[in-house]
Amino acid sequence: MSDIESDFFEAKPVARRRGRGVGIFLFVLVGLVVVLGILAVVADLVVRTVAEDQAEKQISQQLGDAAGPVDVQIGGFSMLWQLVQGSIDQATISSAGSSGGLSFDFDVRDVPTDLSGSTGAITGTVTADAATVNGLAAVQESGGAISFGDGQVTYARDFTIPLVNTVVPVDVVATPSITSEGRVISLTPTTASLRDTSVSLDLAPFIGGYAFDVCAAQYLPQGTTLTGVDVTSTAATLDVTSPGLPISSSGIGTKGSCS
Numbered sequence: 088m089s090d091i092e093s094d095f096f097e098a099k100p101v102a103r104r105r106g107r108g109v110g111i112f113l114f115v116l117v118g119l120v121v122v123l124g125i126l127a128v129v130a131d132l133v134v135r136t137v138a139e140d141q142a143e144k145q146i147s148q149q150l151g152d153a154a155g156p157v158d159v160q161i162g163g164f165s166m167l168w169q170l171v172q173g174s175i176d177q178a179t180i181s182s183a184g185s186s187g188g189l190s191f192d193f194d195v196r197d198v199p200t201d202l203s204g205s206t207g208a209i210t211g212t213v214t215a216d217a218a219t220v221n222g223l224a225a226v227q228e229s230g231g232a233i234s235f236g237d238g239q240v241t242y243a244r245d246f247t248i249p250l251v252n253t254v255v256p257v258d259v260v261a262t263p264s265i266t267s268e269g270r271v272i273s274l275t276p277t278t279a280s281l282r283d284t285s286v287s288l289d290l291a292p293f294i295g296g297y298a299f300d301v302c303a304a305q306y307l308p309q310g311t312t313l314t315g316v317d318v319t320s321t322a323a324t325l326d327v328t329s330p331g332l333p334i335s336s337s338g339i340g341t342k343g344s345c346s
């Protein structure tokens, strides 16, 4: 057998396909990254859910039964990163109320995760029906009752007719507005009429005496102000804002005043 034929039949090493090995490695690496990414998302969702549940419980305890079930939604890209940073970028706190008479919806910024210090800016709305408003001490002390219409408020009170010194029930229609730098709701009378009577009496000269103010600040955390009011036939909605509120229950429990 010639040397050429001998070389032909001689066993030779087979070169490895390096490209295939690199492809497998990349496939495993990509798969690992995907799995870690999924685990990170799941962990973030779990932490976010736990934080929301704890916040709902604490807020419900502070507000009591009147607020009803509280819902907290934490925004931001990553809950884990926000915890590392020590501040929650944004949270929405809302409640439909225990009986539908009172509800609220707030947007809160920069909430400290260690539950100390104060939050960032807060904006929101508070909605109440007539029964809830009539339960306020300021309204009860006025001796009247309030009902709602489109863009206006009607409140009933007794009126003493001059000269004859006779007390008659009067219905006063007024438009609400925010005064005293967001601390007071003022009801400016537009018309007044005798209720449940056929007696005709021009009450226009006395309409200024029916002006009625409610100090809203005494029901709100200190530093919180009103920026708007809207009235429909079923409820009144107040726009609320604050530059920030303390996290502690004692801080939130400190109310404002109109003095």
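Just so we're aligned, residue 88 is where the sequence shown starts under this note's numbering, counting upward by one.
Beta carbons are placed, not taken as given, at the ideal position from N, Cα and C, and that holds for glycine.
Query: By how many angstroms is the C-alpha of residue 255 removed from the C-alpha of residue 242?; Result: 14 Å
Query: Hey, could you find the ends of the beta strand (DSSP E) residue 167 is sitting in?; Result: Premise fails: residue 167 lies in the alpha helix (DSSP H), 166-172, not in any beta strand (DSSP E).
Query: Enumerate in chain order the residues of its own chain whose CB-to-CB distance from residue 303 is below 6 Å, with the five nearest sequence positions on each side excluded.; Result: 272 and 313
Query: Three or more beta-carbon pairs under 8 Å between the region 192-207 and the region 219-229, yes or no?; Result: no
Query: When the Cα atoms are used, what is the spatial distance from residue 390 to residue 139?; Result: Here the chain covers residues 88 to 346 and nothing more, so residue 390 does not appear.
Query: Give me the DSSP bridge partner(s) of residue 191.; Result: 182 and 213
Query: In this structure, does DSSP put residue 282 in helix, strand or coil?; Result: coil
Query: Tell me whether the beta-carbon of residue 235 lies closer than 8 Å to the beta-carbon of residue 261.; Result: no
Query: Check residue 222 in the structure and name its three-state DSSP category.; Result: coil
Query: Using the three-state DSSP reduction, which class does residue 201 fall into: helix, strand or coil?; Result: coil
Query: So what does residue 236 bridge to, in DSSP terms?; Result: 239
Query: Quick one: is residue 86 buried, meaning 16 or more other Cβ sit within 10 Å of its Cβ, or exposed?; Result: This structure gives no information on residue 86, because the portion of the chain shown stretches from 88 to 346.
Query: Taking its Cβ as the centre, do 16 or more other Cβ atoms sit within 10 Å of residue 325, making it buried, or is it exposed?; Result: buried
Query: Measure the alpha-carbon distance for residue 311 versus residue 137 and round it to whole angstroms.; Result: 29 Å
Query: Looking at the secondary structure, which residues open and close the beta strand (DSSP E) in which residue 302 lies?; Result: 299-302
Query: In or out: residue 291 buried (at least 16 other Cβ within 10 Å) or exposed?; Result: exposed
Query: So, with DSSP's three-state summary, where would you put residue 334?; Result: coil
Query: What would DSSP say about residue 96, mapped onto helix, strand or coil?; Result: For residue 96, the predicted structure reports a pLDDT of 48, less than 50, and the residue's modelled location is therefore unreliable. The matter cannot be settled from this model.
Query: Is residue 274 helix, strand or coil when you go by DSSP?; Result: strand
Query: For residue 297, which residues from the same chain have a beta carbon less than 6 Å from its beta carbon, with the 5 sequence-adjacent residues on both sides left out?; Result: 259, 276 and 279
Query: Please classify residue 189 as buried or exposed, where buried requires at least 16 neighbouring CB atoms within 10 angstroms.; Result: buried
Query: From residue 167 to residue 340, what distance separates their C-alpha atoms?; Result: 30 Å
Query: Along the beta strand (DSSP E) that carries residue 340, what are the first and last residues, could you check?; Result: Residue 340 -> no beta strand (DSSP E), and no H or E assigned at all.
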